[in-house]
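Using numbering that gives the first Met the number 0, read the sequence shown as starting at 0 and increasing by one per residue.
Don't be surprised by glycine CBs; every beta carbon is placed ideally from N, CA and C.
For reference, the structure discussed in these notes is given below.
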Amino acid sequence: MTGRYRGVYERSRSDREGFWLEQAEAIDWFEKPTKAFDETLGVYGRWFPDAICNTCHNAIDRHVEAGHGERAAVIYDSPVTGAKRTISYSNLLRDVKALAAAMSDLGVEKGDRVIVYMPMIPETLTSMLACARIGAIHSVVFGGFAANELAKRIDDAEPKLILSASCGIEPTRKVEYKPLMDKAIELATSKPEATIVLQRPELPCELMDGRDYDWDSLRERYRAEIEGGRDVPCERVKATDPLYILYTSGTTGKPKGVVRDNGGHMVALHWSMGAIYGIEEGDVSFTASDFGWIVGHSYICYGPLLKGATTIVFEGKPVGTPNAGTFWRIIAEHGAKTLFTAPTAIRGVRKEDPDGEFIGQYDLSKFEALYLAGERADPETIKWAEAKLDRPVIDHWWQTETSWTIAGNPRGIELLPIKRGSPSVAMPGYELAILDEAAKEVPPGEMGAIAIKLPLAPGNLPTLWNADERFRESYLAEFPGYYSTADAGYMDEDGYLFVMGRTDDVINVAGHRLSTGEMEEVVAKHPAVVECAVIGMEDEMKGQIPCGFVVLKETDQATKDSLEADVIRMVRDEIGPVAAFKQVVIVDKLPKTRSGKVLRRTMKAIVDRTDFDTPATIEDASAIEGIERAIRL
């Protein structure tokens with residue numbers, strides 16, 4: 000492969016130090032880095048070890064100081080409440096300073112932890128930035144997360160303060176946050192000293208004297224102090240100091256606290272906004288995710304603001320708030336240049352509006368590209384979106400642990416040829432390898448474990464919170480010298496990566512290692528199927544055999560009656576009889592997390608009739624009941 004991308008990538012490999020110091024020039028430092036990477040620090044080395052900085056300063060203050068205070072920083076669009084507002088960089092700075100002052104007066108200091116348990120509203124973003132301003136370490140937990148799961152995170156992070164809201168608004172219900180927070184604090188061994196609670200008019204709550212503070216009262220008081228001359232300067236922190244902790248599920252049941260540093264994170268996200276997404280200063284970026292996920296951290300809060308762009312905070316769903324045209328309405332109304340969402344969101348839109356009629360109702364002239372990540376983007380969904388939008392549809396692959404793209408298509412540098420089913424190629428900072436069980440690289444086209452040669456890129460996790468040894472065991476022990484992604488896939492002759500699923504989604508059928516992701520690609524081609532999942536179920540003879548679950552479009556009974564035979568034939572024709580694909584189950588919906596990831600491990604436990612706990616991140620528990628009912632039938 001030749002071209003601009005290849006030149007950039009090869010330079011990042013041949014001159015790692017020079018390449019990343021050059022990207023660091025885009026960041027304001029209190030003390031500039033003289034060295035990009037020190038391999039002697041931490042578990043595998045640390046980025047910009049001698050630099051001093053502040054992330055909040057780079058996200059807000061420097062834009063105001065440069066004369067851009069009246070530019071829109073945040074556009075809040077909430078179809079579930081009907082609320083809309085635009086917040087300028089100057090007003091965002093005022094509110095961040097006010098909250099930072101309130102937290103400081105409540106005793107929060109540099110290095111203290113603060114849990115943010117809030118919905119998709121601008122105050123959540125304000126909370127994250129206010130913590131960054133004073134050097135506190137935030138940990139965002141989904142608003143509405145189960146009390147026992149929140150308690151685990153309280154005990155691990157030991158926060159001095161919790162920031163919350165009275166409720167969250169779903170399309171069909173209101174979720175009371177305060178009782179869940181109270182129960183979590185009761186369950187936790189570590190007790191926060193105080194909470195600040197935003198009263199939402201849709202469902203106010205009772206506050207506890209002596210512990211709970213009213214957000215609006217504090218905001219009014221501290222805004223007046225800020226306007227009266229009180230300053231809350233940005234804390235000087237090391238580039239290697241933690242910015243936040245983001246918890247991801249652990250196989251032991253104990254959540255893993257992914258640590259994000261300040262310096263490497265800023266450099267990587269700022270670079271990625273232009274190079275990968277084509278977003279520059281003043282552009283409007285629309286990421287439809289949740290602050291509780293890494294996508295919300297990187298590309299609703301930090302990335303766009305570090306770049307000096309405008310970010311859209313969306314409180315709603317892709318369908319049902321009020322219809323499948325919501326994304327296109329927001330893009331048109333606010334002039335968004337890009338949309339970044341999960342493939343499952345586009346599948347939902349496709350199911351509700353298969354002909355794309357809503358798309359034609361809006362002026363999408365400023366819209367340039369659709370980005371998908373969070374789970375595998377099946378080729379049929381990409382094909383539909385390409386045809387209806389007439390724009391590039393760009394899959395890219397990364398993880399909570401990395402904070403930004405491992406493999407993608409760097410549209411801001413050079414739009415590479417799109418291969419449906421592939422997130423394209425490795426980004427600067429990442430050297431990918433496909434390894435067998437003996438940690439040997441396999442030839443192009445052959446399945447194996449996807450690993451990243453150490454060191455990891457800037458912005459990737461340096462460790463887990465208070466758990467260096469667990470970090471080593473979880474990520475570094477399986478393949479010495481590499482980070483194990485726990486994903487499986489292959490690389491083609493052109494260096495394009497194909498991520499076929501988690502390594503535990505590669506099933507062993509009578510000694511043949513087969514990808515359930517590859518089978519899902521075939522099943523999704525059936526014209527009646529809008530969504531599907533294939534899992535490996537235990538089998539006495541073959542070890543494992545695949546079982547397909549499908550969600551259908553509105554279709555006639557004859558199609559349903561012939562569906563199983565049709566799909567079995569398709570898999571047999573494209574993958575071969577070795578797949579032993581013989582069972583298809585029709586369900587109303589697939590069980591998913593709130594980010595849209597299909598809960599395949601839970602589905603496998605159901606079909607194998609083994610014990611499981613309903614994941615705390617599940618979007619709709621009734622989907623599990625549907626699977627159980629279908630299996631019984």
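Counting every other CB atom within 10 Å of its CB across the protein chains shown gives K581 a total below 16, marking it as exposed.
The beta carbon of Y43 sits closer than 6 Å to those of L453, P454, all from its chain and outside the five residues before and after it, given in chain order.
For C233, no beta strand (DSSP E) run applies, since DSSP gives it neither H nor E. Residues L268 of the same chain have their beta carbon placed closer than 6 Å to that of Y301, with the five preceding and five following residues left out of the count. For T401 against G458, the beta-carbon gap comes to about 7 Å, under 8 Å, which counts as contact.
Residue environment for V577: exposed (fewer than 16 other C-beta atoms within 10 angstroms of its C-beta). With fewer than 16 other Cβ atoms from the protein chains shown falling within 10 Å of its own Cβ, R631 counts as exposed.
By the Cβ rule, the stretch 204-215 does not count as touching the stretch 235-243, because fewer than three pairs are nearer than 8 Å. DSSP, read as helix, strand or coil, puts G516 in helix. The three-state secondary structure of D572, taken from DSSP, is helix. Separation of A323 and S421 (C-alpha to C-alpha, rounded to the nearest whole angstrom) is 26 Å. Listed in chain order, the non-local C-beta contacts of W383 below 7 Å within the same chain comprise R349, local neighbours out to five positions each way being set aside. Taking the C-beta atoms as reference points, R501 is found no nearer than 9 Å to D491. Our two residues, Y116 and A532, have alpha carbons roughly 31 Å apart in a direct line. For T616, no alpha helix (DSSP H) encloses it, and the DSSP letter there is neither H nor E. Put simply, of C546, M540, W270, G263 the residue whose alpha carbon is nearest the alpha carbon of M518 is C546. Here the alpha carbons of I51 and G262 stand approximately 8 Å from one another.
Taking C-beta separations shorter than 6 Å and ignoring five residues to either side along the sequence, the partners of K387 in its chain run G355, I358, following chain order. Taking 9 Å as the cut-off, the Cβ atoms of G277 and T337 count as close. In this structure, the CA atom of E332 is about 13 Å from the CA atom of P78. Sequence-distant partners of L40 (beyond 5 residues in either direction) whose C-beta falls short of 8 Å from its own C-beta, in its chain, are P48, T239. D154 places its beta carbon less than 9 Å from that of A187. Judged by DSSP secondary structure, F339 falls within the beta strand (DSSP E) whose first and last residues are 337-340.
Contact between the stretch 224-236 and the stretch 121-133 is present: 3 or more CB-CB pairs across the two stretches fall below 8 Å.
Across the set I136, A71, E430, E445, the C-alpha of E445 shows the shortest separation from the C-alpha of E436. The beta carbon of E618 is closer than 7 Å to those of K591, T592, R593 in its chain, skipping five residues each way along the sequence.
For V258, the closest C-alpha among the options I381, I59, N465, P191 is that of N465. With respect to V586, F548 sits close: the two C-beta atoms are nearer than 9 Å.
Setting aside the 5 residues that flank it on each side, L414 is surrounded in the same chain by P391, N408, each with a C-beta closer than 7 Å to its C-beta; the list follows chain order. A direct Cα-Cα distance of roughly 49 Å separates V312 from K541.
Taking a cut-off of 8 Å for Cβ pairs, the stretch 156-171 and the stretch 79-92 touch, as three or more such pairs fall below it.
Annotation: L455 is outside any alpha helix (DSSP H) and is labelled neither H nor E by DSSP. In the three-state scheme derived from DSSP, where H, G and I count as helix and E and B as strand, I412 is classed as coil.
Taking 9 Å as the cut-off, the beta carbon of V570 is found no closer than this to the beta carbon of A629.
DSSP lists L496 as the bridge partner or partners of M490. Secondary structure at S126: helix, using DSSP grouped into helix, strand and coil.
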